[in-house]
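*Asks:* One structure follows; several queries about it will come next.
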Amino acid sequence: MTKSSDNYYITTPIYYASGKPHIGHAYTTIVADALARFYRLVGKRVHFLTGTDEHGQKVVEKATEQGITPQEFVDALDLDFRALWQRLQISNDDYVRTTQARHRVVVQRIFDKLYQQGDIYKRSYEGHYCVPCEAFWTERQLTDGKLCPDCGREVTWLSEESYYFRASNYAQRLIEYIDAHPDFIRPVTRANEMMSNFLRPGLQDICVARSSLKWGVQVPFDPEQVVYVWIDALSNYISVLGYTEEDDSLMQNFWPADLHLVGKEITRFHCIIWPIILMALDLPLPDTVFGHGWLLFDDDKMSKSKGNIIDPNEVIDEFGSDALRYYLLAKVQLGNDANYTDDLFTLVFNVDLANDLGNLLSRTVAMIERYFQGEVHAATAADEADQELQNLALATPAAVRAAMDALEPNTALAAIWKLVGACNKYIDNQAPWALQREGKIERLQTVLYQLSEALRFIGVLLQPFLPTTAESIFTQLGIPDHIKIHTWDSLAEFGLFPPGTVVHKGDPLFPRHLDTPPAEKGNTKGQKV
Ligand code: MSP
């Protein structure tokens, strides 16, 4: 059986359960969620995976500091991650933890198979190792001869007997694969980086098991050794699909993945180690690995090891989950770095959400209540302005689809906001209050009908991005669940909004924030901690 193009498998990295989730983790997961929801909306069968990476030296160190076991330590953090995903309405279909038995057995089987076929061998090794990043570096890669090139901390010298993967055997095949598959590593700048920094200079064999580690998956035939983090972590993408299990229907239906969404700093693990493991296992490679940019705070990377972290829970407390989703989806171009500041966040909230979208819904519903006791009446003859609004609404789904297919959620949201803007302009130009005053009731009914229908389009289109808001729009418009006019297919026609529907004014979607940003009120959000 080969995977159907109607099936879509998307993954986030599995996040280290060594510190609380921060806004950088939220960013990747929100983008993946918007894509997963979008492809579900257009009718694909989606499998969306996220989870936590729970092994490694850092976990042992942190657990020891707290006087608890590594398992207790990761169990507590796992709850934090899951709670955040729930608050952010993340619609993952599965959630993997590398300490789960279903994952461990697959890692062991993979390791065993690669050893049996000669791809893994044992030898002793000495090298520079960065404990926070859990990575070995060559002399050449170190900054100033002693610092980790990723986090800038001092590396330590480590010597031990370890297992190695014969990466060098696969280098040429991988180079050819990348050359022949321009969509495999995106954006293209990352593909160039992989080629020039890692592949063309020649691949060294990769350490895949270590005796100095105690917290991890045991090598099945050598209990002194533990599988090193990357082979353990990367295997999650297939361990959850039941690779090597008798029932491999998930594997059949969803592998290869359509998209591994990752931050740029781990692109090389996903574009070099992972593909060669897959080649060795004789499995197809994922369609795309997308290495997105970093969210920066004061132009510096936010990360646990640097300690300058923004807590997404505080942003949600203050502004709501959809506001955070909107900011990260609309104001960051996937692939580029972006700055996060409280001031910018508040501005975007007030302008795009409270003013543009929130006001559009509240004034439309308020006018229908004021002029027609809440009832939406049928439209009569459409004039040029009506036609223009209708044409834009009908063109927007294709624009959103093209943007999502191109992995540009910001462009998709810009297209939706173009429609929001057109609706607001339509209200200003049509001046329903004047139509009422002049007794032009039929025209007034038509204008309010056009707006209700355009808002239905906006509600449908917003579902993948702002799920709570989309639901509120439907509720306030009075669109009952059983009428199937919130589906993607229903956007093929303008005019499906049923006349006679009664709208209900609700709370404002985004109450304006006149407040000073939380950081200035003594809250630590956005400050270096
Ligand atoms: N456990 C590994 C991944 C294994 S995947 C097989 C790991 N975990 S992590 O907790 O450090 O998470 C890294 C991911 O979190 C990044 O790749 C990125 O997706 C996200 N981000 C972490 N900090 C970020 C920013 N400051 N900005 C944007 N995304 C960031 O690496």
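Residue numbers for the sequence shown follow the numbering used here, beginning at 288 and rising by one. Here a beta-carbon is modelled for each residue, glycine too, at the ideal position from N, C-alpha and C. Just so you know, these numbers come straight off a predicted model, no measurement behind them.
Determine whether the beta carbon atoms of Leu-486 and Ile-462 lie at a separation below 7 Å.
*Replies:* yes
*Asks:* Give a single yes or no on whether Leu-748 has its beta carbon closer than 6 Å to a heavy atom of the ligand MSP.
*Replies:* No, the beta carbon of Leu-748 sits no closer than 6 Å to any heavy atom of the ligand MSP.
*Asks:* Report yes if the C-beta of Ala-520 is less than 6 Å from at least one heavy atom of the ligand SAH; otherwise report no.
*Replies:* Annotation note on the ligand SAH: not contained in the displayed structure, which lists the ligand MSP as its ligands.
*Asks:* For Asp-437, which residues from the same chain have a beta carbon less than 8 Å from its beta carbon, with the 5 sequence-adjacent residues on both sides left out?
*Replies:* Cys-417, Cys-420, Ala-422, Glu-552
*Asks:* Quick one: residues in its chain with C-beta nearer than 6 Å to the C-beta of Val-619, no 5 flanking neighbours on either side, listed in chain order?
*Replies:* Ala-625
*Asks:* The ligand MSP heavy atoms versus the CB of Tyr-451: any closer than 6 Å?
*Replies:* no
*Asks:* Below 8 Å on the Cβ atoms is my guess for Phe-335 versus Asp-380; work out the distance and round it to an integer in Å.
*Replies:* Between Phe-335 and Asp-380, the beta carbon gap of about 5 Å places them in contact (Cβ cut-off 8 Å).
*Asks:* Name the residue from Pro-571, Ala-741, Asp-365, Asp-519 whose alpha carbon lies nearest to the alpha carbon of Thr-289.
*Replies:* Pro-571
*Asks:* DSSP beta-bridge partners for Ile-297?
*Replies:* Phe-335, Leu-546
*Asks:* Figure out for me which residue from Pro-684, Thr-667, Cys-435 has the closest Cα to the Cα of Trp-444.
*Replies:* Per the C-alpha coordinates, the member of Pro-684, Thr-667, Cys-435 positioned closest to Trp-444 is Cys-435.
*Asks:* Where do the N-terminal and C-terminal ends of the beta strand (DSSP E) with Leu-497 fall, by residue?
*Replies:* Here residue 497 is Arg; the residue named in the question, Leu, does not match the sequence. Residues 493-497.
*Asks:* Which same chain residues end up closer than 6 Å to Lys-409 when comparing Cβ atoms and leaving out the 5 residues on each side of it in sequence?
*Replies:* Tyr-450
*Asks:* Could you tell me the distance, in whole angstroms, from the CA atom of Ile-559 to the CA atom of Thr-386?
*Replies:* Annotation: Ile-559 to Thr-386 spans about 24 Å, alpha carbon to alpha carbon.
*Asks:* Starting from Cys-252, trace the beta strand (DSSP E) both ways and give me its first and last residue.
*Replies:* There is simply no residue 252 to check, as the chain begins at 288 and stops at 816 in what is shown.
*Asks:* Is any heavy atom in the ligand MSP found nearer than 6 Å to the beta carbon of Pro-599?
*Replies:* no
*Asks:* Report the rounded CA-to-CA distance for His-312 versus Ala-458, giving the unit in angstroms.
*Replies:* 31 Å
*Asks:* If you run the structure through DSSP and keep just helix, strand and coil, what is His-579?
*Replies:* strand
*Asks:* Within this structure, are the beta carbons of Trp-561 and His-342 separated by less than 7 Å?
*Replies:* Taking the C-beta atoms as reference points, His-342 is found no nearer than 7 Å to Trp-561.
*Asks:* Starting from Trp-372, trace the beta strand (DSSP E) in both directions and tell me its first and last residue.
*Replies:* Note, Trp-372: premise wrong, no beta strand (DSSP E); alpha helix (DSSP H) at 357-374.
*Asks:* Beta strand (DSSP E) containing Leu-445: first to last residue?
*Replies:* 443-452
*Asks:* Quick one: is the Cβ of Ala-312 within less than 6 Å of any heavy atom of the ligand MSP?
*Replies:* The sequence shown places His at residue 312, rather than the Ala named in the question. Answer for His-312: yes, Cβ within range of the ligand MSP.
*Asks:* Leaving aside the five residues before and after Leu-679 along the sequence, list all residues of the same chain whose C-beta is less than 8 Å from its C-beta, in chain order.
*Replies:* Cβ within range, chain order: Lys-705, Leu-706, Ala-709.
*Asks:* Let's see if you can read the secondary structure: which residues bound the beta strand (DSSP E) around Pro-510?
*Replies:* 509-514
*Asks:* I'd like the span of the beta strand (DSSP E) that includes Phe-423, first residue to last.
*Replies:* 422-424
*Asks:* Could you name the residues of the same chain whose beta carbon sits closer than 7 Å to that of Leu-827, not counting the 5 residues immediately before and after it, in chain order?
*Replies:* Nothing about residue 827 can be reported from this structure: the residues present for the chain run from 288 to 816 only.
*Asks:* In whole angstroms, what separates the C-alpha of His-800 from that of Glu-656?
*Replies:* 26 Å
*Asks:* What is the rounded straight-line gap between the Cα of Asn-810 and the Cα of Lys-345?
*Replies:* Any answer about Asn-810 is weak, because its pLDDT of 39 lies below 50 and its placement is not dependable; what the coordinates show is given next. Asn-810 and Lys-345: Cα-Cα distance of roughly 29 Å.
*Asks:* Sorry if obvious, but does the Cβ on Leu-582 come closer than 6 Å to a heavy atom of the ligand MSP?
*Replies:* yes
*Asks:* If you check the beta carbons only, do Phe-772 and Leu-783 fall under 7 Å apart?
*Replies:* The sequence shown places Ile at residue 772, not Phe. Yes, these two residues count as a Cβ contact at 7 Å.
*Asks:* So what's Ile-472 in DSSP terms, helix, strand or just coil?
*Replies:* strand
*Asks:* Taking the alpha helix (DSSP H) that Val-687 falls in, what are its first and last residues?
*Replies:* 671-692
*Asks:* Do Tyr-314 and Leu-582 come within 7 Å of each other at the CB atom, strictly closer than that value?
*Replies:* For Leu-582 and Tyr-314, yes; Cβs fall inside 7 Å.
*Asks:* What is the residue span of the beta strand (DSSP E) that Val-821 lies within?
*Replies:* This structure leaves residue 821 out entirely; the chain is present only between 288 and 816.
*Asks:* Since Gln-732 and Leu-676 should fall inside the 8 Å C-beta cutoff, what is the C-beta to C-beta distance between them, to a whole number of angstroms?
*Replies:* Contact flag wrong, Cβ pair sits at about 15 Å.
*Asks:* Assuming Gln-344 is part of the alpha helix (DSSP H), what are its boundary residues?
*Replies:* 344-353 is the extent of the alpha helix (DSSP H) around Gln-344.
*Asks:* Given a threshold of 16 other Cβ atoms within 10 Å of its Cβ, counted over all protein chains shown, does His-415 qualify as buried or as exposed?
*Replies:* buried
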